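The sequence shown runs 4 to 290 under the numbering used here. Just so it is clear, CB atoms sit at the ideal spot from N, CA and C, and this is done for glycine as well. Remember, predicted model here, so these are calculated numbers, not experimental data. Input: a single structure, listed below in structure tokens.
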Amino acid sequence: MLTNQFRLVTVLAALGLSACGGPAVSPPLPGLGTKVLGNANVSGSVPASGAPAGFSDGAGNPIAAPARDTALDHLRFDAAATSAADNTFDIIAYTDNSSTGSSGVTATTIGVSSNVGGTGASTFGQVARYTRFGTSLLPTSGTGTYSGQYVGTLGSPTGTINGGSGLVAINGSYILNADFGAKTIGGSIKNRVEVLKTGPVPGETFANVTLPTTSILSDGTFAASGVTGGGLDSATDTTSNGSYQGLIGGVNPGNGQNGFRAAGTMSLTHTIGANTYTELGVFSGHR
């Protein structure tokens, strides 16, 4: 009987199935800690409930936390902001608090201008953080499409943007197509629009970003350079140095599906006229 069970498991594995009839999966994915891209001195959090707290600028100096701003929320991302007089942002922060259950992913992006409070005493900085929590397994067969939201900050430590001294936000959506058998993933970020304190700016849109196909590693992470597109549609905007990275994790609390969520970050350099700006953002969603 034991020999027959062994043979059954072997045959099912060859077919890309588990003994219970579901997709084949890896051993439990390891804990990775929080992945950080950008200026790690920048910190803060926008909790699902309660007040934003723990904010610091690009030099690590404590700064007053921005106020929670539900009008700026982008679906799964909760927002907090402090605006300049011209409706650009002195501080803009987004956190994904949508994962429920004992496992999932989370992501945060923060931008701090060099003019917080109008004093000019703060240090510019942008950061993106993402992680997974709890136990999850990585599918090793079949395919899956992840979709969700993207939020980013765009600014420069030396130049102005949108005629102002702060940062702007960029909101959009993303899709990642995963082939778990081939261990590859790639996709795009679309529907990209500029956002000020007053909300999305009509007509100020950005081109789609192509996230090139890359490998999914055994720990569920992925990364690639060669990100293209993304320029401001209303200006001559040359983009360069594009890259993205992310991870898969989480279990669907409804049906137990593994590898349910994907989160990560994307960075891109924009050159508009004589000025250079950095876009740094995060994406998060599920399949």
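What does the Cβ neighbour count give for glycine 206, buried or exposed, with the cut at 16 atoms within 10 Å?
Translated into positions along the sequence shown, residue 206 becomes position 203. With fewer than 16 Cβ atoms within 10 Å of its Cβ, glycine 206 is classed as exposed.
Backbone secondary structure at valine 108 - three-state DSSP
Counted from its first residue, the sequence shown places residue 108 at position 105. In the structure shown, valine 108 falls within a strand segment according to DSSP collapsed to helix, strand and coil.
Supposed contact pair valine 154 and histidine 273 - C-beta distance, whole angstroms, cut 8 Å:
Taking the first residue of the sequence shown as position 1, residue 273 is located at position 270. Taking the first residue of the sequence shown as position 1, residue 154 is located at position 151. Not confirmed; about 16 Å, so no contact.
Runs of 3 residues minimum, wholly inside the stretch 234-276: which ones carry the beta strand (DSSP E) assignment?
Runs of the beta strand (DSSP E) spanning 3 or more residues and lying entirely within the stretch 234-276 occur at 240-254 and 261-275, in chain order.
Alpha carbon of valine 45 to alpha carbon of glycine 158, nearest angstrom
Here residue 45 corresponds to residue number 42 of the sequence shown, with the count starting at 1. Here residue 158 corresponds to residue number 155 of the sequence shown, with the count starting at 1. Using only the alpha carbons, I get a separation of about 14 Å.
Per DSSP, which one or two residues make a beta bridge with leucine 170?
For this step, residue 170 is matched to residue 167 along the sequence shown. DSSP, once it has assigned bridges, lists Phe92 as partnering leucine 170.
In angstroms, rounded to a whole number, what distance separates the CA positions of asparagine 194 and threonine 208?
Along the sequence shown, read from residue 1 onward, the residue named residue 194 stands at position 191. Along the sequence shown, read from residue 1 onward, the residue named residue 208 stands at position 205. Going by C-alpha positions, asparagine 194 is about 8 Å away from threonine 208.
Output yes or no for whether 7 Å exceeds the beta carbon distance between glycine 190 and arginine 290.
If you number the sequence shown from 1, residue 190 lands on position 187. If you number the sequence shown from 1, residue 290 lands on position 287. No, Cβ-Cβ distance for glycine 190 and arginine 290 is not below 7 Å.
Run of the beta strand (DSSP E) containing threonine 279, from where it starts to where it stops:
The residue you call residue 279 lines up with position 276 of the sequence shown. Per DSSP, threonine 279 is one residue of the beta strand (DSSP E) stretching across 278-289.
To the nearest angstrom, how far is it from the Cα of threonine 91 to the Cα of asparagine 258?
Within the sequence shown, residue 91 is the residue found at index 88, counting from 1. Within the sequence shown, residue 258 is the residue found at index 255, counting from 1. Between threonine 91 and asparagine 258, the C-alpha separation is close to 43 Å.
Sub-7 Å separation of serine 270 and serine 243 beta-carbons:
By 1-based counting over the sequence shown, the position of residue 270 is 267. By 1-based counting over the sequence shown, the position of residue 243 is 240. In this structure, serine 243 does not lie closer than 7 Å to serine 270 by Cβ.
In this structure, how does DSSP classify valine 49 when only helix, strand and coil are distinguished?
Along the sequence shown, one-based indexing puts residue 49 at 46. Annotated three-state conformation of valine 49 is coil, per DSSP.
Under the rule that 16 or more other beta-carbon atoms within 10 Å means buried, what is threonine 201, buried or exposed?
As a first step, residue 201 is located in the sequence shown; it is residue number 198 there, counting from the start. With fewer than 16 other beta carbons inside 10 angstroms of its own, threonine 201 counts as exposed.
Does the separation of the CB atoms of asparagine 64 and glycine 128 fall below 7 Å?
Indexing the sequence shown from 1 puts residue 64 at position 61. Indexing the sequence shown from 1 puts residue 128 at position 125. Cβ distance not < 7 Å, so asparagine 64 and glycine 128 don't count as in contact.
Within its chain, find whatever has a CB closer than 7 Å to the CB of asparagine 255; leave out the 5 residues flanking it on each side and keep chain order.
As a first step, residue 255 must be located in the sequence shown, where it is residue number 252. Here the set comprises Phe263.
Simplified DSSP assignment, three categories, for threonine 13
What you label residue 13 is simply residue 10 of the sequence shown in a count that begins at 1. Since pLDDT at threonine 13 reaches only 32, below the 50 mark, its modelled position is unreliable, and the value read off the structure follows with that caveat. Helix at threonine 13.
Looking only at its own chain, which residues have a Cβ that is under 8 Å from the Cβ of arginine 71, when we skip the five neighbours before and after it?
Translated into positions along the sequence shown, residue 71 becomes position 68. So the list reads Val49, Ala54, Pro55, Asp81, Ala82 and Ala83, once near-sequence residues are dropped.
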